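Residue numbers (our numbering): 1 to 520. No residue lacks a Cβ here, since even glycine has one placed at the ideal position from N, Cα and C. Predicted, not measured: the structure shown is a model, and the values here were computed from it.
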Ligand code: FAD
Ligand code: SIN
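Take a look at the structure:
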């Protein structure tokens, strides 16, 4: 059994930031199931929000974030995000991140529901530059031990405390112990048929934490991005994100009849909050019977190939010129606001277990995340977890313990691939942009049946992922069924209004462990 001071699971912005800081105070192991840095951070497009312009201020950023969160943001968590954000971004620049500039000054773009231009960006590949910077620094410092292509399949628990994790590596399960384990495993968008997420976004961290008994929060709130490339007749795999920044720079949406429609739904039209734009597109698609609406970038007064090179190239590969052609788009699952409940130092309800980045839920995004606040969240809170841990003198290594690996019963499916597709379809159908009590009840029943039918887990990563996806999907469906109102990203056709009297609150879910019978 290998022992270190700290284990960080996940090498996106949250994991890289936390691991680097922790390595200044203790032996740190960074585990990721893909290559180092592979994840949502790597593909983030639009940018990172921070109130750094002379006429901006954290107070304005705070107000926009709280407004977008539809009554469920935690004010303290948001205050920390917007106040510490500029400092962390400046440090990132000092470490070597090269953000776009105009005449030597940082260039800020605009995205929906931000009152002003406050998004730092690197073309339309901001996450790649941030990941490159953090990864390069971490490797050149050489203090963090790296374990890539290794999947954490369970947390190691001892008397209610998290003391490490179990890792599936080259077909074997190996144990790693630490005084603190930090989950930075990203989101769960892959549980939906249409999504923007990388293949590894299967909700592992949420499922691991839930199985270990950690409290989860806001599981019903998943954000749908309004604009993913949606070629008529295209497969789910042909979808890719078209950054919101194009609307920030002046792109408009047209329905299948060629008409602009967003001003019928919201006074801010294309720059309305993300949940509003996604729902409006969905309604237009239903009204016209089309599988897409159209993004019109023709009037943007910029060199589009230079400003949005990723999108330009991807559309070109599909035979479309974004400067001349309308681009077919439709919404897709994008970002998980809910997750493992933590305080503002990343502490979960389990001693020894911490969470940061998209896997965590501390109320910073409420019921609907403001664009480009997620990278900032991973940066600010990844750092905070590490600095709080290093401040805590008690966090020195506990002596290694002999904890046996107990495979989780009712694990994966024999027909893993088919069930994954069925799950993705069912989630899209019944827990997608527009939900109803009837559909959600059917979904809960269906997913519960599939869980009962599971067979014990084999030692292959895909089965473990599918098991995690099923667990997360079921928890999301149950939480969405229980919330009988519409708020932020959660829209119920049967309860279309926001109900502050009953629902200005979070739902917290904790697994109930059955007590083994002692017999008599
Ligand atoms: P990730 O970057 O997703 O990293 C997760 C890590 O966990 C990976 O290393 C993965 O291998 C590892 N992992 C997962 N499960 C396991 C396991 N069981 N065992 C071991 N390792 C595991 N946000 C913004 O603020 N601005 C943007 O412009 C923006 N654009 C986006 C564009 C796209 C296409 C997408 C998908 C998201 C975008 N987001 C954006 C959201 C943002 O990118 C993510 O929320 C953020 O990067 C998440 O960072 P993270 O560190 O929490 O996780
Ligand atoms: C985008 O570039 O549109 C995504 C930004 C985000 O998810 O914050």
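Near ligand 1: residue i beta-carbon under 7 Å from a heavy atom
{"i": "residue 562", "result": "Not covered by the structure: residue 562. The range shown for the chain is 1 to 520."}
{"i": "residue 126", "result": "yes"}
{"i": "residue 375", "result": "yes"}
{"i": "residue 11", "result": "yes"}
{"i": "residue 416", "result": "no"}
{"i": "residue 156", "result": "no"}
{"i": "residue 310", "result": "no"}
{"i": "residue 38", "result": "yes"}
{"i": "residue 142", "result": "no"}
{"i": "residue 31", "result": "yes"}
{"i": "residue 197", "result": "yes"}
{"i": "residue 340", "result": "no"}
{"i": "residue 359", "result": "yes"}
{"i": "residue 69", "result": "no"}
{"i": "residue 152", "result": "yes"}
{"i": "residue 48", "result": "yes"}
{"i": "residue 205", "result": "yes"}
Own chain, CB closer than 8 Å to residue i, minus 5 neighbours either side, in chain order
{"i": "residue 220", "result": "338, 476, 479, 480, 482, 483, 490, 507"}
{"i": "residue 496", "result": "486"}
{"i": "residue 66", "result": "73, 75, 78, 366"}
{"i": "residue 512", "result": "none"}
{"i": "residue 419", "result": "413, 450, 466, 470"}
{"i": "residue 302", "result": "249"}
beta-carbon residue i near ligand 2 non-hydrogen atom, thresh 7 Å
{"i": "residue 241", "result": "yes"}
{"i": "residue 334", "result": "yes"}
{"i": "residue 244", "result": "yes"}
{"i": "residue 365", "result": "no"}
{"i": "residue 113", "result": "no"}
{"i": "residue 149", "result": "no"}
{"i": "residue 45", "result": "yes"}
{"i": "residue 61", "result": "no"}
{"i": "residue 372", "result": "yes"}
{"i": "residue 225", "result": "yes"}
Extent of the continuous beta strand (DSSP E) run through residue i
{"i": "residue 6", "result": "6–9"}
{"i": "residue 182", "result": "180–183"}
{"i": "residue 254", "result": "252–254"}
{"i": "residue 175", "result": "172–177"}
{"i": "residue 223", "result": "222–229"}
{"i": "residue 296", "result": "293–296"}
Limits of the alpha helix (DSSP H) - the one that residue i falls within
{"i": "residue 404", "result": "Per DSSP, residue 404 belongs to no alpha helix (DSSP H) and is neither H nor E."}
{"i": "residue 204", "result": "204–212"}
{"i": "residue 83", "result": "75–95"}
{"i": "residue 284", "result": "274–288"}
{"i": "residue 248", "result": "245–248"}
{"i": "residue 501", "result": "500–503"}
{"i": "residue 265", "result": "262–265"}
Cβ-based neighbour list, residue i, same chain, cut-off 6 Å, excluding 5 preceding and 5 following
{"i": "residue 72", "result": "366, 367"}
{"i": "residue 68", "result": "113, 273, 368, 370"}
{"i": "residue 244", "result": "46, 111, 112, 371"}
{"i": "residue 121", "result": "47, 100, 109"}
{"i": "residue 6", "result": "22, 26, 28, 178, 180"}
{"i": "residue 35", "result": "148"}
{"i": "residue 326", "result": "294, 296"}
{"i": "residue 305", "result": "312"}
{"i": "residue 322", "result": "297, 304, 312, 315"}
Contacts around residue i, its chain only, beta-carbon distance under 7 Å, and the 5 residues preceding and following it disregarded
{"i": "residue 291", "result": "230, 232, 285, 330"}
{"i": "residue 416", "result": "462, 463, 466"}
{"i": "residue 197", "result": "40, 187, 189, 190"}
{"i": "residue 236", "result": "193, 194"}
{"i": "residue 276", "result": "265, 266"}
{"i": "residue 50", "result": "85, 86, 89, 118, 120, 376"}
{"i": "residue 241", "result": "45, 196, 225, 228"}
{"i": "residue 282", "result": "331, 433, 434"}
Could I get the ranges of all uninterrupted alpha helix (DSSP H) runs contained in the region 426–479, with 4 residues as the minimum, in chain order? 437–453
Which full runs of the beta strand (DSSP E) of 3+ residues lie inside the region 307–379, going along the chain? 327–336, 339–341, 353–355
Segments of 3+ residues assigned as beta strand (DSSP E) that fall wholly inside the region 138–170: 144–147, 151–158, 161–169
Beta strand (DSSP E) runs wholly inside the region 7–62, at least 3 long, in chain order: 28–31
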